[in-house]
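In the numbering used here, the protein residues as written are 20 to 198.
Cβ coordinates follow ideal geometry from the N, Cα and C atoms, glycine included.
Right, one structure below, let's go through it.
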Amino acid sequence: MAEIIIFPLGELGEVEMAIVELLALSLPECVGLPARVSDVGVPLEGAYDVARRQYYSTRLLEKLLEHRAGADTKLLGISSADLYIPPLSFVFGEAQLGGAAAVISMHRLNQSFYGLADDSELLYDRCEKEAVHEIGHCFGLVHCKDYRCVMYLSYAVEDIDLKGNSFCPRCHGLLRRQP
Ligand code: ZN
Ligand code: ZN
20 MAEIIIFPLG
30 ELGEVEMAIV
40 ELLALSLPEC
50 VGLPARVSDV
60 GVPLEGAYDV
70 ARRQYYSTRL
80 LEKLLEHRAG
90 ADTKLLGISS
100 ADLYIPPLSF
110 VFGEAQLGGA
120 AAVISMHRLN
130 QSFYGLADDS
140 ELLYDRCEKE
150 AVHEIGHCFG
160 LVHCKDYRCV
170 MYLSYAVEDI
180 DLKGNSFCPR
190 CHGLLRRQP
């Protein structure tokens, strides 16, 4: 059965479970697939770059793929660690285009990262948009020019806040045509 399995990455308690549980409730509506939280943890070991003090997100995608259950399953990792893909200095997330695995980082979605007071509602909204965005990539969607569409490429949290959590009509049409 086609479904999304959400994996909190890292040590137990490292990722805020309230956010993970909320995502499991909202993603079915956003993406049209059932979602559940995995009871298997995925460690971050092997993805850390000591010099950069960040985790290599492509390595995390590989680790997630070890947990693939079926051909239709999408695996979404949620991390509180800061992620990168060379040559970029950081990424909010990464996904396999048309593939099974996606990962998002909450690190730079927190207001405290920017020296501001934390806002759990805003943090959740940002996580949801980034999760829908990366799962969109798993369904083969590329970046969209419409700044309101969830598939818009966000360079900063301001871009994330400006866009919605849903696909524009064009992206939605492409999503529905996926097998
Ligand atoms: Zn993207
Ligand atoms: Zn779009």
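Next on the checklist: Give me, in chain order, the residues of the same chain whose beta-carbon lies closer than 7 Å to that of L80; leave out the 5 immediate sequence neighbours on both sides.
Outcome noted: E113, Q115, A120 and V122
Next on the checklist: For the pair the region 34-48 and the region 63-79, tell me if three or more CB-CB distances fall below 8 Å.
Outcome noted: no
Checklist entry - V56 to Q130, Cα distance in whole Å? => result 25 Å
Next on the checklist: Looking only at its chain, what residues have a beta carbon closer than 8 Å to the beta carbon of A66, apart from the 5 residues adjacent to it on each side?
Outcome noted: Y74, Y75, S76, R78, L79 and K82
Item to check | Buried versus exposed, by CB contacts within 10 Å (16 or more), F26 | outcome: buried
Item to check | Endpoints, alpha helix (DSSP H) assigned at G155 | outcome: S139 to C157
Item to check | Identity of the residue in F186, F132, R127 and L94 nearest H152 by Cα | outcome: F186
Checklist entry - What is the DSSP secondary structure of L80, reduced to helix, strand or coil? => result helix
Next on the checklist: Our contact map puts E149 next to L135 with C-beta atoms below 8 Å; I'd like the distance itself, whole angstroms only.
Outcome noted: About 18 Å; that fails the 8 Å criterion.
Next on the checklist: If the criterion is Cβ atoms closer than 8 Å, does the pair C190 and C146 meet it?
Outcome noted: In this structure, C190 lies away from C146, with their beta-carbon atoms at least 8 Å apart.
Next on the checklist: Can you give me the C-alpha to C-alpha distance between I23 and H156, rounded to a whole angstrom?
Outcome noted: 13 Å
Checklist entry - Leaving out five residues before and five after L102 in sequence, what residues of the same chain have Cβ atoms less than 6 Å from its Cβ? => result Y74, S76, V110 and S124
Checklist entry - How about L94 and L107: are their beta carbons less than 8 Å apart? => result Taking C-beta atoms as the reference points, L94 and L107 fail to come closer than 8 Å.
Checklist entry - Alpha carbon to alpha carbon, how far is E30 from P62? => result 7 Å
Checklist entry - Quick one: does the C-beta of R189 sit closer than 7 Å to a heavy atom of ligand 2? => result yes
Next on the checklist: Taking 6 Å as the limit between beta carbons, can you name the residues of its chain near S98, skipping five residues before and five after?
Outcome noted: L28 and S124
Item to check | Closer than 7 Å: L181 CB and nearest ligand 1 heavy atom | outcome: no
Checklist entry - How is V169 classed by DSSP in three states: helix, strand or coil? => result coil
Checklist entry - Does ligand 2 have a heavy atom nearer than 7 Å to the CB of C157? => result no
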